[in-house]
Every structure is written in C-alpha cells, then in structure tokens.
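S.K.:
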Amino acid sequence: MLMSFWALAVVVEEFFVPSLNILCEKLQLPDDVAGATFMAAGGSSPELFASLVSLFITHTSLGIGTVIGSEIFNHLCICA
0 MLMSFWALAV VVEEFFVPSL NILCEKLQLP DDVAGATFMA AGGSSPELFA SLVSLFITHT
60 SLGIGTVIGS EIFNHLCICA
C-alpha cells in the first residue's frame, strides 16, 4: 500500500502539476484559484466517472449513493 501512495505521488508530481501550471499560464489564473478549482475537480473525478458508468452503462442507481456517500465522507473525515 505504501508503494501505491509513492507511485501516485510520482505520477501527480510528473504529470498533474506541470499540466496545471500550463493551464494557469494559458488562462491567466492565480495559483490559489487554480488550486481550488482544478484540484477539487481532480479529487472528485473518480466519483463522477463511477456515477456515469453506473448510470449509462450498468443502469443502476449506484451513482446517487456514490455521490452522496463520498460527499459525506469528504465533509466528515477529510475536513476534520
């Protein structure tokens, strides 16, 4: 598990951060605005894709539970 965290850190450092820097330069956004918007979008994209797959491919109601459950977890555990 420690190896997966390390691999994730390497991928984010090598690809995600430089692409955010390029986006900020092109859109002329301050770093704090870009961090608040793009990092939030990157953090919630797994829930979005799980919801879209469950809604359009498997035709189940997993999407609603995924979004509500992840938001409850984010507010209760991550913010604390």
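Residue numbers (numbering that gives the first Met the number 0): 0 to 79.
Ideal Cβ placement from N, Cα and C applies to all residues, glycine included.
1) Could you spell out where the alpha helix (DSSP H) holding P45 opens and where it closes?
2) In three-state terms, what does DSSP make of S3?
3) As a quick exercise: from A33, L61, E13 and F37, pick the residue whose alpha carbon is nearest that of E46.
4) So for S60, helix, strand or coil by DSSP?
5) In the DSSP assignment, find the alpha helix (DSSP H) that holds L19 and state where it starts and stops.
M.R.: By the coordinates alone:
1) Stepping through the sequence shown from its first residue, residue 45 is reached at position 46. Taken as a continuous stretch (DSSP letters only), the alpha helix (DSSP H) holding P45 covers D30 to F55.
2) Working through the sequence shown from its first residue, we reach residue 3 at position 4. Of the three classes helix, strand and coil, the one that applies to S3 here is helix, per DSSP.
3) The residue given as residue 46 occupies position 47 in the sequence shown. The option with the nearest alpha carbon to E46 is L61.
4) Along the sequence shown, read from residue 1 onward, the residue named residue 60 stands at position 61. Here S60 sits in coil by DSSP.
5) For this step, residue 19 is matched to residue 20 along the sequence shown. Segment V16 to L26, the alpha helix (DSSP H) holding L19.
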